[in-house]
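Peer 1:
Number of protein chains: 2
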Amino acid sequence: MPNNHFKRGELYSFITGKASTAIARSLQKRFNAAGLNITIEQWSVLYHLWKQDGISQQELCNATFRDKPSITRLVDNLEKLQLVKRVPSSSDRRMNMVYLTRQAQKLQEETMNLAELTLNEALEGVPADRIEVCKEVLQIVYDNLK
Amino acid sequence: MPNNHFKRGELYSFITGKASTAIARSLQKRFNAAGLNITIEQWSVLYHLWKQDGISQQELCNATFRDKPSITRLVDNLEKLQLVKRVPSSSDRRMNMVYLTRQAQKLQEETMNLAELTLNEALEGVPADRIEVCKEVLQIVYDNLK
DNA sequence: GGCATATAGTTGTTTATACAACTATCCAAA
DNA sequence: TTTGGATAGTTGTATAAACAACTATATGCC
């Protein structure tokens, strides 16, 4: 017996991700307002490079949940913006290792603060334990489908 | 005192909406596997027309949380697929009312079943009360930012 | 009635995503 | 050592989103 049978009329927001769309748009506006000339998608790549610099494009695919062509083009655009640099791997000539530039390192502090600000605004009025439940449910959804 | 201060390293999934991306991709695959030649975005427009047929493009913007150019092009593509028809409003010549075709009406049952199936798979193992909390939190996020 | 302003929709441009097809390289088994 | 399959990355094409600029129509105010 499915314990989670979805009543019709309630599934729309779950599927279309209105909440995360709202968060991403809001953060993009903050980036623009701060004069930061990057997209949320570009930021999401930088995000993982800030955690670990010099990883391969394939590792960026896994980390950002994007396919290879998407990462190819995001890295293309980040390179044009001089925020990352592709360095051919010496051990495996199929791979590019992607490195942050000095300029990208400087973006971390400010953009992470804006992200935190945006999330705090988004979650205004939501008790911490409910946020925790929400995060856990979304993690299970991801694990169930990925 | 912010009760929802976000620990760094936890914000990524919330912002990028990995869960809803996973749901949308999964549903798209089911559509493709069933030979249904529509995108999730097109489906999301049909979804609202199934609830109320013959609404304006502006109303579709509000319902689907998209801007006007996005709806213009989605309706363009849906018209090419002969799933909707623009009908100029008689009372206000600026407006187009968008109507489902017979063909689109026939899609409702099957696609809604696939959507329900996808969500049940996504939420497998999640108790109903936790789903409820998650939905409420996401609704608040949307309301806080929209 | 005439004009300013708001609203509905379209078009142009850039960026991003999905999928298929492709090249180059690696690796392992015959 | 050759060969066949797997892996890393790129390119082509279609769809979609965000933003700005635009046209056409409506509305409210003098």
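Chains as they are written, first to last, in numbering that gives the first Met the number 0: chain R, 0 to 145; chain H, 0 to 145.
Think of the CB as a built atom: it goes at the ideal place given N, C-alpha and C, for glycine as much as any other residue.
Note that the structure is a prediction, hence the values are computed from the model and not measured.
1) Which of the three DSSP states, helix, strand or coil, is assigned to H:P1?
2) Excluding the five sequence neighbours on either side, which residues of its own chain have a C-beta within less than 8 Å of the C-beta of H:D117, listed in chain order?
3) Can you list, in chain order, the residues of its chain with a C-beta nearer than 7 Å to that of R:Q81? Leave out the 5 residues immediately preceding and following it.
4) Please look up how many angstroms separate the CB atoms of H:N76 and H:R85, rounded, as I've assumed it's under 8 Å.
5) Using a 10 Å radius around the Cβ and a threshold of 16 neighbouring Cβ atoms, would you call R:G8 buried or exposed?
6) What is the DSSP secondary structure of H:G8, reduced to helix, strand or coil?
7) Which residues does DSSP pair with H:R129 in a beta bridge?
8) Quick one: measure Cβ to Cβ for R:Q56 and R:V74, integer angstroms, because I've assumed they're closer than 8 Å.
9) Can you tell me whether DSSP reads R:R65 as helix, strand or coil?
10) Could you check the C-alpha separation between H:P68 and H:V44 for me, to the nearest Å?
11) Output needed for R:I54: all residues of its chain with C-beta closer than 8 Å, excluding positions within five of it in sequence on either side, in chain order.
12) Taking all protein chains shown into account, decide if R:R92 is buried (16 or more other Cβ within 10 angstroms of its Cβ) or exposed.
13) Please list the terminal residues of the continuous alpha helix (DSSP H) segment that includes R:M111.
14) I want to see whether chain R comes within less than 8 Å of H:V74, judged by CB atoms only; does it?
15) State the Cα-Cα distance for the pair R:I201 and H:G34, rounded to the nearest angstrom.
16) For chain H, find out if any of its Cβ atoms is closer than 8 Å to the Cβ of R:A32; answer yes or no.
17) The segment 42–67 of chain H: which residues have C-beta closer than 7 Å to a C-beta of chain R, in chain order?
18) In whole angstroms, what is the alpha-carbon distance linking H:Y11 and R:R129?
19) Provide the residue span of the alpha helix (DSSP H) that contains H:R92, from first to last.
20) Under the three-state reduction of DSSP, which class applies to H:I70: helix, strand or coil?
21) Below 8 Å on the Cβ atoms is my contact criterion, and I expect H:V83 with R:C133 to pass it. Report the Cβ-Cβ distance as a whole number of Å.
22) Please tell me whether R:G124 and H:I139 are closer than 8 Å, where the distance is taken between their beta carbons.
23) Taking C-alpha atoms, which residue in R:N143, R:T110, R:A127 and R:Y141 lies nearest to R:Q41?
24) Output the distance between the C-alpha atoms of H:A127 and H:E120, rounded to the nearest integer angstrom.
25) By a C-beta neighbour count over all protein chains shown, 10 Å radius and 16 as the cutoff for buried, is H:R65 buried or exposed?
26) Drop a sphere of 10 angstroms on the beta-carbon of R:S90, count the other beta-carbons inside from all chains shown, and report buried for 16 or more, exposed for fewer.
Peer 2: Based on what the coordinates show:
1) For H:P1, the predicted structure reports a pLDDT of 45, less than 50, and the residue's modelled location is therefore unreliable. A value from the coordinates is still provided. Coil at H:P1, not helix or strand.
2) Note on residue identity: the sequence assigns Thr, not Asp, to residue 117 of chain H. Same-chain partners within the cutoff: I22, S25, L26 and R29.
3) If we look at R:Q81 and ignore the five residues flanking it on each side, its Cβ neighbours are T100 and Q102.
4) Between H:R85 and H:N76 the Cβ distance is about 12 Å, and since that is not below 8 Å, they are no contact.
5) Here the model assigns R:G8 a pLDDT of 49, short of 50, so the residue's position is not dependable, and the following value carries that caveat. Burial call: exposed.
6) Annotation note: pLDDT 49 at H:G8 (below 50); position unreliable, no value reported.
7) None; H:R129 has no bridge partner.
8) Contact between R:Q56 and R:V74 holds: their C-beta atoms lie close to 6 Å from each other, under 8 Å.
9) Three-state DSSP puts R:R65 in coil, outside helix and strand.
10) In this model, H:P68 and H:V44 are separated by some 14 Å (Cα to Cα).
11) The beta carbon of R:I54 is closer than 8 Å to those of H47, L48, A62, M96 and V97 in its chain, skipping five residues each way along the sequence.
12) Note on R:R92: under 16 other CB atoms within 10 angstroms of its CB, so exposed under the neighbour-count rule.
13) From DSSP, the alpha helix (DSSP H) with R:M111 extends over R101 to A121.
14) Chain R contact via Cβ: absent.
15) No answer is possible for residue 201 of chain R: the residues shown for chain R start at 0 and end at 145.
16) So, not an interface residue.
17) Residues passing the 7 Å Cβ filter: S43, Y46 and F64.
18) The straight-line gap from Cα to Cα measures roughly 18 Å.
19) From DSSP, H:R92 is part of no alpha helix (DSSP H); its letter is neither H nor E.
20) Annotated three-state conformation of H:I70 is helix, per DSSP.
21) Their Cβ separation, rounded to whole angstroms, is 35 Å, which puts H:V83 and R:C133 out of contact at 8 Å.
22) For R:G124 and H:I139, yes; Cβs fall inside 8 Å.
23) Checked all of R:N143, R:T110, R:A127 and R:Y141; the closest Cα to R:Q41 is R:T110.
24) When the Cα atoms are used, H:A127 and H:E120 turn out to be separated by approximately 14 Å.
25) By the beta-carbon neighbour count (other beta carbons within 10 angstroms, threshold 16), H:R65 is buried.
26) Here R:S90 is exposed: its Cβ has fewer than 16 other Cβ atoms, across all protein chains shown, within 10 Å.
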